[in-house]
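Numbering (our numbering), first residue to last: 228 to 1376.
Virtual Cβ for every residue (Gly too), placed ideally from N, Cα, C.
Computed from a predicted structure; not experimentally measured.
Read through the structure below, which is laid out as structure tokens, and then see the notes.
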């Protein structure tokens, strides 16, 4: 009879327990899993999912910190709503939703000692200590939700691997029932003897298991019931009643057991219609015949995927059970349980952790997830609703673990996050973190942080550094919190009548006021908005800090032997460096050949040489060390460094197509908007990687971007590599910093040590402008003072035609570095703009006057040395701005690195002289090249390949007649006459300074000693000490240091003498003089030379020199300047000699 009664009662209870879904009469309902909590009902209006979640959180007394773990779920369609989803509710609406914790982290409770505990960031965190993830209301609700999921099957049991494992799962389920009943009894203060009468285990185990047990014979079921009752009584008598556990302990134990007892607890599995993994443009993995895919998203391991045979895809869980069972039978003991952490499960391929994701794109039901290395996952889901559900899951986990103030996809972006970014307001960070940030920012009076309250959804806290005082005066600084109330249509500072529509307007209003109390003065100054990946209690630590940031405190680089590099062609100048092409001998790593034999190959490289004597060695080495420690596909590879003969050589990979700016200028007519967007996205991607590493590049510009693949064939995309920044801006002079305007951020012009990640954002904005305008140089026509004023006035570059691109550039080039966007946001915006405005037009570049006399050092490619003096040198260079070896050859005169001071001034004077001279017989001035911000300068002149007369005549004596020599003499006189007419004295006229353009034309060069004389003066007095060509000087120059125009006539006479001797070294003026007076040194030589000239000694007539020519020499050497012939008279005589055929005039001495 008893058995029959039990059966009848069972049938009655089963009928009562049939799940019934209450009908929805009208509107939108949000249901809860707590039995005593009434649902939220809205019958009309527009409500976002985010607003409804806040309303639900308030109803459950959840803290603002924990509310971000929850979302709205539709159990009818099995989809989650993104926070920005709008529900339009009217009389036709019939919608039931559930408020659920969606974002779950395995081992958040820390009970598994083999896995890292999940904790909130804390400033005082050491090891596994930190702030707990959940508050008590959140734990209570999660427990109720977990009970529902366990009983209803929403959290399915793991697949048994054997009969023993199936029994173990059943026992664990009964143990879960024990904990649930004990928890309920403890809450209702029920005695142990009442438990077995009031609670039945069948109401606390999964319905599926209950069904299995119900199919067993009656004796087995009774045995299970009796064993359960005994265990329940024992657990309560020995554990609960002696206070070994409390209510929270039971909740935590219950939830933690679900992590091992159920399948993929706390994770979400998606079954896309198609999936492919791409690396660059090549598909690494994708759809295959007969194969489907599953994608799993977990808070502790990111995004994973695996393949599933197509025929079993509709019954995925059955396949998974069978697949795991076969593996466990082969590899594991029958007693082993299921995996706890999905990251440890076999068969899954990890695609990405959340910190590696840059942005996500949704197109209808297709989703593309982009990583920092440009690898991407493309998947197509069954509907757009499922796509939004998938993306909002990843986006939410990203904000919880990586960056609390960023969103990966605009289609699911929470309104609160977007508003906070616009207002410069933080989420509910703790006071501890707010004070810490204020101290990091400088702790200045008036500095403030806006942050949402950690306790009250309707208030914002204004945390300000204030000054305190007492009757004796100021006592110091302190931090005060002022409440701002959120109103329906704005914000109001509590305790005042100051009210504004936005927080930014409110703080702007407060910045003009000074509010005082008895001891505190509130003065609102500079705000501190959220920064990328800022650590705070909003973020969770999901794993130990294993990744170490690159170190700046110690230098790390690979040393390369000088024998392993071959220096080849000079490619140009960098900042204080010379750049060469070259080769590197790379030895095979697995080379284990015979001793003395090494397997090597030569790799083409670029060599950047910092010469001896520079003061920037340590800064240069820091750059090398930093480049060596980072690795990214869009960063140029640094092989290492070579130190040789006081030179430091950076060895970097050679990139085929060279600098981006030159390439774009050369191919501007065929570059498409798509091509430009891809380049910009790749650059933003690598800069986002550096931002995550908290590294600053410091000189982002198109000339530092190298093009590895041009992408013009239509088969592949362009592929860029960001080169090293060279010498850091922290060691540059102010002039050098100004020269880098507009690439250098304004704050670095004021203080080069203000180097932060925001600097690269400004540089990216300028670089994006360059890309829009095909590599054109912004502000090219501006002088240094104009560039300074450009920044002082906070001016902006001319905007491209695309308003959205112009807006992005403006955001990047914000004069407040704290308001520049994160690079992840920049990457996301670039993709959005590309989709919305694929026909991007760069617009017409504003006309810029290009000064042809200004040469860029990066395009001066040294070919060989032409000459060298005590202080300076002349080099033959090719100026090749197009990089195609079609540039012009020029002679470049510069000072040696160790020469400075007066020598630098003299070179500048020579440049000022040459730029004013223009004559066919004077070497043409082409321009200058400024380096180091104009601190050093180079003179650019035309290159005359035949060299000077001193070099030319001895080699070409047979082909050069006296008639030709007289032609040279006339041309020299004509050039000198022009020089005199411009009130210049050359002071260094000699055959070595007369250059030969061709066999019929010579030109006067080297104006290093040339001086200008006043219009009303006849001579110039030497005031500086420097080496002088004394053997070519007139007596007044040697005795009185006075130089007249007639002094150049004396020097011409000596030069004419050189011509007539064909510059024979044995007959040179110094040699002839020393042969006469004997060898001497220093002042003795000068004294003997002066005495000889005063006594009337002159150079003798060279062999075969015509009498009339030597007579002209003597006229040049008259002792008194006023007695000498002038250049016009010499021209007349020589032209008459050249025109006459009378032999007597050309008779030799």
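Nearest-angstrom Cα separation, counted from residue j out to residue i
i, j, result
"residue 902", "residue 259", "51 angstroms"
"residue 464", "residue 590", "59 angstroms"
"residue 934", "residue 910", "11 angstroms"
"residue 823", "residue 834", "Here the model assigns residue 823 a pLDDT of 48, short of 50, so the residue's position is not dependable, and the following value carries that caveat. Each residue's alpha carbon lies about 28 angstroms from the other."
"residue 194", "residue 880", "With the chain covering 228 to 1376 only, the question about residue 194 has no answer from this structure."
"residue 421", "residue 263", "23 angstroms"
"residue 1188", "residue 1289", "10 angstroms"
"residue 424", "residue 390", "32 angstroms"
"residue 284", "residue 680", "14 angstroms"
"residue 754", "residue 958", "30 angstroms"
"residue 795", "residue 1273", "49 angstroms"
"residue 938", "residue 972", "31 angstroms"
"residue 524", "residue 329", "11 angstroms"
"residue 1331", "residue 1284", "12 angstroms"
"residue 628", "residue 349", "13 angstroms"
"residue 271", "residue 638", "24 angstroms"
"residue 1362", "residue 798", "47 angstroms"
"residue 1093", "residue 1154", "18 angstroms"
"residue 1114", "residue 1350", "49 angstroms"
"residue 1299", "residue 1275", "21 angstroms"
"residue 761", "residue 653", "10 angstroms"
Own chain partners of residue i with C-beta closer than 6 angstroms, once the 5 adjacent residues on each side are dropped
i, result
"residue 606", "499, 502, 594"
"residue 787", "867, 869, 878"
"residue 505", "603"
"residue 953", "801, 802"
"residue 261", "371"
"residue 1347", "none"
"residue 1297", "1258"
CB of residue i within 8 angstroms of CB of residue j, strictly
i, j, result
"residue 1195", "residue 1229", "yes"
"residue 293", "residue 365", "yes"
"residue 989", "residue 1047", "yes"
"residue 255", "residue 320", "yes"
"residue 1020", "residue 1026", "no"
"residue 1029", "residue 642", "no"
"residue 598", "residue 587", "no"
"residue 672", "residue 649", "no"
"residue 399", "residue 484", "yes"
"residue 1057", "residue 907", "yes"
Residue nearest to residue i in terms of C-alpha spacing, selected from the options
i, options, result
"residue 1062", "827, 766, 1017, 900", "900"
"residue 385", "410, 1145, 487, 833", "487"
"residue 459", "444, 470, 402", "402"
"residue 928", "939, 278, 950", "950"
"residue 1367", "1354, 1339, 1348, 1335", "1335"
"residue 1082", "1105, 1356, 1094", "1105"
"residue 613", "1314, 814, 309", "309"
"residue 1190", "329, 1333, 760", "1333"
"residue 1137", "1111, 1147, 1164, 1090", "1164"
"residue 644", "637, 636, 1293, 632", "632"
"residue 1152", "1162, 1135, 337", "1135"
DSSP state of residue i mapped onto helix, strand, coil
i, result
"residue 1046", "helix"
"residue 919", "helix"
"residue 432", "coil"
"residue 1324", "coil"
"residue 1089", "strand"
"residue 639", "helix"
"residue 862", "strand"
Residue i beta carbon near the ligand GTP (any heavy atom closer than 7 angstroms)
i, result
"residue 384", "This structure lacks the ligand GTP; in fact it carries no ligand of any kind."
Sequence-distant residues of its chain with Cβ nearer than 7 angstroms to residue i (five each side left out)
i, result
"residue 1344", "1277, 1280, 1325"
"residue 751", "673, 675, 691, 734, 737, 738"
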